[in-house]
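So the protein lines, in turn, are chains H and S.
Okay, so the first sequence: first residue is 44 according to the numbering used here, each after it adds one.
Okay, so the second sequence: first residue is 969 according to the numbering used here, each after it adds one.
Structure, as structure tokens:
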Amino acid sequence: MNIVLRVIIDIFIVGGCFFAFAGAVGIVRMPDTFSRMQSSTNITTLGVLLTLVGAFLYFLLVMHSWGSAAKVVVIGVLTVVANPVGGHAVARAAYRIGVRPKREFVVDDLADPASCVEPGEQAEVVKEGDEA
Amino acid sequence: MTEYIYFAIFYILCCFIVIWRLIKGPTAPDRLVAGDCVDVLTDMALVLVAMFSGRGIYLDIAIVTAILGFLSQVLIGKYLEGTL
């Protein structure tokens, strides 16, 4: 096994471990809910991506297994695409049930009642072909 | 390779750090975010165990865990918001 390739893979995985540890400490130590939510993205972006790059290189260049490398790519794409959507839902839910950060908002768009239209109440759904 | 199992153990220790927030967290979104982080860290530990043991079956489990974690986060978020 090529020692240079092994060192490169280990550097990627150690970087992922560093960011995962930083995110975990941030989740414990941050003062309010939205700061903790921001610190959790530290895990789900760089902590995941660096580890998965290392795993991709390992499966592709050491194990010569294209199927396992494709599965690693699927895990990475799924995590990167899915986690912002879930974080958005959780942040909206936290605002709606009354959680506020410790400092005052600079911009508070959700406080405007016209900006958060419940589906079915005021939303005008325009379908194609309804103009006539 | 033997060093990958130590990285997997490190990810599981990070899981235990996050589980402290999951137990203590004052509001429901805190617990939800901490649970999602436990899910993602377990994913990474499974990928590292797959690299350690050389078996691809752990990657399938990691894919299923990632999909279920995303679904649970979105569903519990919509439930807390009241629009489910």
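From the three backbone atoms N, C-alpha and C, an ideal C-beta is built for every residue, glycine too.
Just so it is clear, the structure is predicted and the values come from calculations on it, not from any experiment.
A distance below 8 Å separates the beta carbons of I86/H and A67/H. Only R139, I140, V142 from the stretch 139–154 of chain H bring a Cβ to less than 7 Å from some Cβ of chain S. The C-beta of K145/H has fewer than 16 other C-beta atoms within 10 Å across all chains shown, which makes the residue exposed. For S78/H, the closest Cβ of chain S is not nearer than 8 Å. At a beta-carbon threshold of 8 Å, the residues of chain S lying near L121/H are I1031, A1034, I1035, F1038, ordered along the chain. Within the stretch 96–163 of chain H, complete alpha helix (DSSP H) segments of at least 4 residues are found at 109–139, given in chain order. Taking Y1026/S as reference, the option from L1014/S, V1032/S, L1036/S with the minimal CA-CA separation is L1014/S.
Rounded to whole angstroms, D151/H and G1050/S show a C-alpha spacing of 20 Å. With respect to chain H, the C-beta atom of V1017/S has no partner C-beta closer than 8 Å. Distance between I1029/S and I1035/S, taken at the CA atoms: about 10 Å. At least one C-beta of chain H is nearer than 8 Å to the C-beta of F978/S. Taking C-beta separations shorter than 6 Å and ignoring five residues to either side along the sequence, the partners of I980/S in its chain run A1013, following chain order. Rounded to whole angstroms, V986/S and G1022/S show a C-alpha spacing of 28 Å.
Residues of the stretch 91–105 of chain H that bring their beta carbon within less than 9 Å of a beta carbon in chain S comprise V91, T94, L95, G97, A98, Y101, F102, V105, in sequence order.
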